[in-house]
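Working notes, structure below.
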Amino acid sequence: MSSFFFFCYRNMPSTQKNKDSETKRSTLSSKVASMATAASTDDLAMMLAKEMVKQREYFKEDMAELIESSLAPIQASIATFHETMDTLGKRVTSVEITTGDNFEALAKAEKAITDLQAMNATLVDRMEDFENRSRRANLRIINVPEASDTKDMVTHVSTLLKDVMGSQFNTLPELDRAHRILIPKPKNGQPPRPIIVAFHRYQDRERALRWARQNNVVYQGNTLRFYPDLSAGLSRKRAAFKNVKGALYQKGIQFRLLYPARLRVTYGEETLMFETPADAEAFYSQRVQGS
3 MSSFFFFCYR NMPSTQKNKD SETKRSTLSS KVASMATAAS TDDLAMMLAK EMVKQREYFK
63 EDMAELIESS LAPIQASIAT FHETMDTLGK RVTSVEITTG DNFEALAKAE KAITDLQAMN
123 ATLVDRMEDF ENRSRRANLR IINVPEASDT KDMVTHVSTL LKDVMGSQFN TLPELDRAHR
183 ILIPKPKNGQ PPRPIIVAFH RYQDRERALR WARQNNVVYQ GNTLRFYPDL SAGLSRKRAA
243 FKNVKGALYQ KGIQFRLLYP ARLRVTYGEE TLMFETPADA EAFYSQRVQG S
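The sequence shown begins at 3 in this note's numbering and counts up one residue at a time.
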């Protein structure tokens, strides 16, 4: 503490220190001179002791004032620092509250997105099912020469079916619509566009498809192929079974692709049903491939 007092006193302005020192020295000198002429040695010692006590009190007062004046800027800086920290604390608290609210809102948004995705998937499946059901009476005929087309495609295709399928139809099958798919007309040497046929009766469509699967259908020297008319989405799902169907065919295992996209496999005395190509491929690799 004494070192601090000395430091503060040493750093006082030199003018002020010199002025105070000179004042106190002159006062003390005059007092000592007057006491030396007016008192005995004992009295002089007592007077000197009292004067030293007074000078010490003066020094303490001066040092207290000096310390107070020196600490005032530091105390002001500390107060400013505390105010700054309080402001930062309030801002951090506000940010934490906002962040918590944002996380809560984000969690709600993620849940809503998940629910909407599930709902959308359900709606897509229903729409696709509705579309394919609306095509249940349709057939897609491949490889019919475009040169054979007439303006009345319904009569033309109905007559074609009656001619190539013989006894399957006693009369011309009743059709609602018949047209080529809507793509540009092929150039010479390119395959003809498929024909979409809408039967008036679903039973006639099934009879024609069944007969075409069991017989070789030839028209004007061209082998015709008959397929169900399916939506693009369902066609992709069914096409995904292509590889496993080829592998099963090579092994001589009976199978059939059922509507909408399920593979039925007859393996020995078992009849297995696979909803996805991955399940069918796993069955093949585990039970068939090594046999």
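Positions of the beta carbon are idealized from the N, C-alpha and C atoms, including for glycine.
Being a predicted model, the structure only gives us computed values, none of them experimental.
* Asked: Is the stretch 169-184 close to the stretch 203-213, with three or more CB pairs under 8 Å?
  -> Pairwise C-beta distances place the stretch 169-184 in contact with the stretch 203-213, as three or more of them are shorter than 8 Å.
* Asked: Under the rule that 16 or more other beta-carbon atoms within 10 Å means buried, what is residue 280, buried or exposed?
  -> Within 10 angstroms of the beta-carbon of residue 280 lie fewer than 16 other beta-carbons, which makes it exposed.
* When the Cα of residue 243 is compared with those of 224, 235, 227, 264, which residue comes out closest? -> Checking every option, the nearest Cα to that of residue 243 belongs to 264.
* **Beta-carbon contacts of residue 258 that lie in its chain and below 8 Å, excluding the five residues immediately before and after** => Cβ neighbours of residue 258 beyond the five flanking positions: 265, 266.
* **residue 282 (DSSP reduced to helix, strand or coil)** => Per DSSP, reduced to three states, the secondary structure at residue 282 is helical.
* When the Cα atoms are used, what is the spatial distance from residue 211 to residue 221? -> Roughly 16 Å between the two C-alpha positions.
* Whose C-alpha, out of 285, 54, 278, is nearest the C-alpha of residue 272? -> Among 285, 54, 278, the Cα nearest to that of residue 272 is on 285.
* **Beta-carbon proximity of residue 143 to residue 185, cut-off 7 Å** => Not in contact: residue 143 and residue 185 (Cβ atoms no closer than 7 Å).
* Exposed or buried, residue 135, counting other C-beta atoms within 10 Å across all chains shown (16 or more means buried)? -> Answer is exposed; the Cβ neighbour count stays below 16.
* Assign residue 24 to one of two classes, buried (16 or more other C-beta atoms within 10 Å of its C-beta) or exposed (fewer than that). => Here residue 24 scores only 49 on pLDDT, less than 50, and its place in the model should not be relied on; the value that follows carries that caveat. Around the C-beta of residue 24, fewer than 16 other C-beta atoms lie within 10 Å, and the residue is accordingly described as exposed.
* **Cα-Cα separation between residue 230 and residue 261, rounded to whole angstroms** => Between residue 230 and residue 261, the alpha-carbon positions lie close to 10 Å from each other.
* Top-ranked residue by Cα proximity to residue 152, from 98, 138, 182 -> Checked all of 98, 138, 182; the closest Cα to residue 152 is 182.
* To do: Could you tell me how far apart the beta carbons of residue 147 and residue 217 are, in whole angstroms, since I believe they sit closer than 8 Å?
  => Going by Cβ atoms, the distance from residue 147 to residue 217 rounds to 20 Å, so no, they are not a contact pair.
* To do: Quick one: which unbroken beta strand (DSSP E) runs of 3-plus residues sit fully inside the stretch 223-292? Chain order, please.
  => Here the runs fully enclosed are 224-230, 256-260, 264-269, 272-276.
* **Three-state secondary structure (DSSP) of residue 182** => Correct three-state label for residue 182: strand.
* **residue 61: first and last residue of the uninterrupted alpha helix (DSSP H) it sits in** => Secondary structure note for residue 61: its alpha helix (DSSP H) is the uninterrupted segment 43-136.
* To do: Could you have a look at residue 210 and say whether DSSP puts it in helix, strand or coil?
  => When DSSP states are grouped into helix, strand and coil, residue 210 belongs to the helix group.
* **Outcome for residue 105 when other beta-carbon atoms lying within 10 angstroms are tallied against a minimum of 16** => With fewer than 16 Cβ atoms within 10 Å of its Cβ, residue 105 is classed as exposed.
* Report buried or exposed for residue 247, applying the criterion of at least 16 other Cβ atoms within 10 angstroms of its Cβ. => Residue 247 should be labelled buried.
* Roughly how far, in whole angstroms, is the beta-carbon of residue 140 from the beta-carbon of residue 219, given that I think they are within contact range, below 8 Å? -> Here residue 140 is actually not in contact with residue 219; their C-beta atoms are around 17 Å apart, not less than 8 Å.
* Asked: Grouping DSSP H, G and I as helix and E and B as strand, with all else coil, what is residue 149?
  -> For residue 149, the secondary structure class from DSSP, reduced to helix, strand or coil, is helix.
* Asked: For residue 166, which residues from the same chain have a beta carbon less than 8 Å from its beta carbon, with the 5 sequence-adjacent residues on both sides left out?
  -> Excluding the 5 residues flanking it on each side, residue 166 has same chain C-beta neighbours closer than 8 Å at 219, 220, 221, 226, in chain order.
* Helix, strand or coil: how does DSSP classify residue 177 here? -> It is a strand residue.
* If you check the beta carbons only, do residue 156 and residue 180 fall under 7 Å apart? -> Yes.
* Asked: Mind checking residue 51: buried by the 16 CB within 10 Å criterion, or exposed?
  -> In this structure residue 51 is exposed. Its beta-carbon is surrounded by fewer than 16 other beta-carbon atoms within 10 angstroms.
* **Nearest candidate by alpha-carbon position, reference residue 168, set 240, 54, 213** => Ranked by Cα distance from residue 168, the first of 240, 54, 213 is 213.
* **Cβ neighbours of residue 150 in the same chain (closer than 7 Å, five flanking residues each side left out)** => Within the same chain, residue 150 has close Cβ partners 222.
* Asked: What residue from 202, 94, 237, 287 has the CA that sits closest to residue 160's CA?
  -> It is 202.
* In angstroms, rounded to a whole number, what distance separates the CA positions of residue 233 and residue 288? -> A straight line joining the alpha-carbon of residue 233 with that of residue 288 spans about 33 Å.
* Cβ neighbours of residue 277 in the same chain (closer than 7 Å, five flanking residues each side left out) -> Contacts found: 264.
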